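Take a look at the structure below.
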Amino acid sequence: MRFSSRLAAAAVLVVAFGLTACSAPASSTVATPSLTSTAPAEPTLGAGSVIDATTAQEIGTRGTQRAYPMADGSFIVVDRGEPLPEAVQADIDAKAVAFSDEWGSDAQAAATSASLRAREKVVADASWGTGKRPILIFKMTAYETAEAETPTTFWMVNGAGPAPDGVSRSREEMTAVVNDWLAQQDDPDVYVVIHG
32 MRFSSRLAAA AVLVVAFGLT ACSAPASSTV ATPSLTSTAP AEPTLGAGSV IDATTAQEIG
92 TRGTQRAYPM ADGSFIVVDR GEPLPEAVQA DIDAKAVAFS DEWGSDAQAA ATSASLRARE
152 KVVADASWGT GKRPILIFKM TAYETAEAET PTTFWMVNGA GPAPDGVSRS REEMTAVVND
212 WLAQQDDPDV YVVIHG
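Residue numbering for the sequence shown follows this note's numbering, beginning at 32 and increasing consecutively.
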């Protein structure tokens with residue numbers, strides 16, 4: 032070992048011993064925490080509360096709450112784990128009915144692409160605005176078989192929900208199928224049913 036290496040090792044030992052030997056003796060007193068100021072907790076807004084755009088932006092998409100935009104520029108608080116406020120359900124259904132009327136009309140063939148975009152917008156807006164998984168019940172007009180000469184109008188489900196079973200149903204019958212399916216789910220409030 033070289034002289035400088037021995038000297039460096041000795042210096043490290045002296046410093047280490049000096050630091051431990053000069054430390055304060057163990058104390059039996061417990062340190063008391065210093066007082067710090069904390070910001071008051073923000074109040075949780077209840078589902079159905081009407082809020083402005085600034086508060087809606089603060090809610091954002093974190094957590095279980097969302098701010099659903101209404102036509103008048105206000106927002107309504109929606110909680111993923113609670114039933115939708117009536118005003119939000121009515122707004123979503125009104126948009127879906129407008130879509131369903133267009134989708135089931137004679138003009139459907141000429142406007143299929145626009146109709147599909149309208150349907151996807153209704154579903155996306157409901158999902159984004161509520162934070163819930165959408166189930167869209169909508170009207171469809173189609174030929175039941177390749178040989179059929181007249182189209183049939185029936186109701187279908189799109190999005191989350193029961194699997195298609197090929198049975199033509201009325202709006203009321205399809206709503207009952209969806210409600211039965213929801214009753215079997217562990218947390219039915221995480222879904223938004225859109226009645227077209």
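Glycine residues also receive a C-beta, built at the ideal position from the N, C-alpha and C atoms.
This one's a predicted model, so the numbers in the text were calculated from it and none came from an experiment.
The three-state reading of DSSP puts L167 in strand, counting E and B together. Residue state for Q96 is assigned as strand, using DSSP reduced to three classes. Residue burial is scored here from C-beta neighbours: P165 has at least 16 other C-beta atoms within 10 angstroms and is therefore classed as buried. When secondary structure is reduced to three states using DSSP, A191 falls in the coil class, being assigned neither helix nor strand.
Remark: C-beta atoms of L167 and G190 approach each other more closely than 8 Å.
Segment contact: the segment 150-158 against the segment 205-222, fewer than three CB-CB distances shorter than 8 Å; contact not assigned. At the C-beta level, I225 and D124 come within 8 Å of one another. Residue pairing by DSSP puts D110 in a beta bridge opposite Q96. DSSP places V198 in the coil class of the three-state scheme, outside both helix and strand. Inclusion of Q88 and D110 in the CB contact set at 8 Å is not warranted, their separation being larger than that value. Cα atoms of V108 and E180: separation of roughly 48 Å, rounded to the nearest angstrom. Residues L76, I90, A98, S105, F106, I107 and V108 of the same chain have their beta carbon placed closer than 8 Å to that of I82, with the five preceding and five following residues left out of the count. Counting only residues of its own chain and dropping the five nearest sequence neighbours on each side, G162 has a CB closer than 6 Å to the CB of R97 and R111. Taking the Cα positions, E151 is about 30 Å away from E178.
For L115, same chain residues with a beta-carbon under 7 Å away, outside a window of 5 residues either side, are V109, T161 and V223 in chain order.
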